[in-house]
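Undergrad:
In the working numbering, the protein residues as written are 188 to 399.
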């Protein structure tokens with residue numbers, strides 16, 4: 188199992204099987220660097236904004252770019268075949284989300300290898316959910332964090348959960364607009380089932396992806 192929190196850096200799985208860089212590795216490295224630069228530019232623009240709605244929108248764009256950059260960076264160093272360790276990817280993602288936000292994000296994850304494109308979709312879903320929970324689950328000065336779990340599920344599938352101990356399904360906002368629609372579309376693309384549950388207290392979102 189792995190754990191990550193605001194107080195402690197994420198424990199990241201070290202991918203085995205180091206190999207000589209291929210042209211695909213070099214391309215992924217260039218893409219990752221370009222996306223990282225773009226993310227930094229978006230962050231700089233965000234710092235210049237005072238309008239809350241505009242700031243939230245541009246920060247959302249930055250999170251989505253960072254999620255895709257993480258996929259390409261892991262592809263540079265992982266084994267051949269275009270798959271990555273989802274636990275390692277989610278660990279890096281949670282580490283970044285913790286640094287950007289004002290809520291502790293705790294991760295428990297089992298190693299699961301998935302295609303890079305699939306990992307990117309899961310990463311964007313997680314980014315939306317963690318950000319939404321951090322913003323809406325608790326009152327402004329109320330303490331509380333967000334828990335993320337990744338585990339194997341069924342015959343070759345896996346389950347991702349994002350939970351808080353805040354206002355709950357009835358009163359807590361689940362997100363509106365682009366974020367909610369993005370989660371729905373990405374889950375559909377994964378062939379996954381997803382649902383919110385009343386965690387009493389708080390809300391738990393469950394994404395289940397079957398083996399393909």
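Using N, Cα and C, we set each Cβ at its ideal position, and we do this for glycine too.
Is the beta carbon of residue 229 sitting closer than 8 Å to the one on residue 245?
TA: It is a contact, given that the beta carbons lie within the stated cut-off.
Undergrad: What are the partner residues of residue 302, as DSSP defines its beta bridges?
TA: Per DSSP, 270.
Undergrad: Could you please give the first and the last residue of the uninterrupted beta strand (DSSP E) stretch that includes residue 297?
TA: It is not in any beta strand (DSSP E) - residue 297 carries neither H nor E in the DSSP assignment.
Undergrad: Judging by CA-CA distance, which residue of 340, 324, 305 and 279 is the nearest neighbour of residue 290?
TA: Of the listed residues, the one whose Cα sits closest to residue 290 is 324.
Undergrad: Considering only the alpha carbon of each residue, which of 386, 380, 222 and 285 lies closest to residue 398?
TA: Of the candidates 386, 380, 222 and 285, the one whose C-alpha sits nearest the C-alpha of residue 398 is 380.
Undergrad: Of all the options 297, 382 and 254, which has the alpha carbon lying nearest to the alpha carbon of residue 281?
TA: Out of 297, 382 and 254, 254 has the C-alpha closest to the C-alpha of residue 281.
Undergrad: Three-state secondary structure (DSSP) at residue 331?
TA: Coil.
Undergrad: What number of angstroms, rounded off, separates the C-alpha of residue 198 from the C-alpha of residue 295?
TA: Confidence at residue 198 is low in this model, with a pLDDT of 41, below 50, so its placement is unreliable and no value can be given for it.
Undergrad: For residue 383, report the span of its beta strand (DSSP E) as first-last.
TA: First-last of the beta strand (DSSP E) with residue 383: 380–385.
Undergrad: Quick one: residues in its chain with C-beta nearer than 8 Å to the C-beta of residue 392, no 5 flanking neighbours on either side, listed in chain order?
TA: Excluding positions up to five away in sequence, the list reads 316, 348, 349, 350, 381, 382, 383 and 384.
Undergrad: Which same chain residues, not among the five before or five after residue 223, have their C-beta less than 7 Å away from its C-beta?
TA: For residue 223, where only same-chain residues beyond five positions count, the Cβ hits under 7 Å are 256.
Undergrad: Would you tell me roughly how many angstroms separate the C-alpha atoms of residue 259 and residue 311, rounded to the nearest one?
TA: Taking the straight line from one Cα to the other gives about 14 Å.
Undergrad: Quick check on the burial criterion: 16 or more other C-beta atoms within 10 angstroms. Buried or exposed for residue 367?
TA: Counting Cβ neighbours within 10 Å, residue 367 comes out exposed, since fewer than 16 surround it.
Undergrad: Since residue 323 sits in a beta bridge, which residues does DSSP pair it with?
TA: BP columns for residue 323 are empty, so no partner.
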